[in-house]
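Engineer:
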Amino acid sequence: MLERKLNKVLFLTAIALIIIMTFGTAVALVTQKNSPSDSWRRADPEPQKVMNMSRRSGEALDAYTHLGQIRAVTKAPSDEERGTLVIVSPWFSYPAGDTVLFEELSQKERQAKAILTEYFASHTARELLSMGENSVKAELLDLINGQLVLGKIRAIYFNEYVFFD
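Here the numbering used here is used: position 86 in the sequence shown is 741, and no number is missing along the way.
1) Take residue 820 as the anchor and find which of 729, 717, 713, 663 has the nearest alpha-carbon.
2) Once DSSP output is grouped into helix, strand and coil, what is the label at residue 820?
3) How about residue 724 and residue 744: are their beta carbons less than 7 Å apart?
4) Check whether the stretch 779-796 and the stretch 665-672 touch, using three or more Cβ-Cβ pairs below 8 Å as the test.
5) What's the gap between the Cα of residue 752 and the Cα of residue 801?
6) Nearest-angstrom Cα distance between residue 692 and residue 657?
7) Please determine if the stretch 757-764 and the stretch 711-727 are in contact, where contact requires at least 3 C-beta pairs separated by less than 8 Å.
8) Name, in chain order, the residues that DSSP records as bridge partners for residue 745.
9) Below 8 Å on the Cβ atoms is my guess for residue 796 versus residue 808; work out the distance and round it to an integer in Å.
10) May I ask you to report which of helix, strand or coil DSSP gives residue 698?
11) Report the rounded CA-to-CA distance for residue 684 versus residue 714, giving the unit in angstroms.
12) On the three-state DSSP scale, how would you describe residue 795?
13) Give me, in chain order, the residues of the same chain whose beta-carbon lies closer than 6 Å to that of residue 779; leave out the 5 immediate sequence neighbours on both sides.
14) How should residue 771 be labelled, buried or exposed, when 16 other C-beta atoms within 10 angstroms of its C-beta is the threshold for buried?
15) Closest to residue 812 by CA distance: which of 676, 766, 697 is it?
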């Protein structure tokens, strides 16, 4: 008899916990300011995919992928706080077969890394996130193309674009 009562109490407790967890999850999802997708970014295509798609469209592109991973610290939001670590792995697309531009990119690789690092250091993480990744890429494209003499890159892509608080 005691065993039946104990089983009944345990069963009712388990049911109550399930109801509370389900209700709590539903409330959290409905009232949450940011949806989970706000923190996720859509991955840029791989260099080979961009090159293949560009060949099909008639304007063949190559990829300059030699910059590797760049670590930068954003501007601090205040004197009491520190900046946020940003890790970015950029690569550029440029007209296929443009060996002169490839050579210029190779020679100015250190300068391109400095432009990227200085850009992130001049903005707070909040500013960068509110601008959006596409705006950041557009500004960086203009800054890097402003330093190139023998040609222009077409686009900047990020394999990684991560902020660490």
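Where a beta carbon is used, it is the ideal one built from N, C-alpha and C, also for glycine.
Structural biologist: Inspection of the coordinates gives the following:
1) 729
2) coil
3) yes
4) no
5) 21 Å
6) Its pLDDT being 48, under 50, residue 692 is placed unreliably in this model, and the coordinates cannot settle the point.
7) yes
8) 813
9) 7 Å
10) coil
11) 45 Å
12) helix
13) 729, 730, 732
14) buried
15) 697
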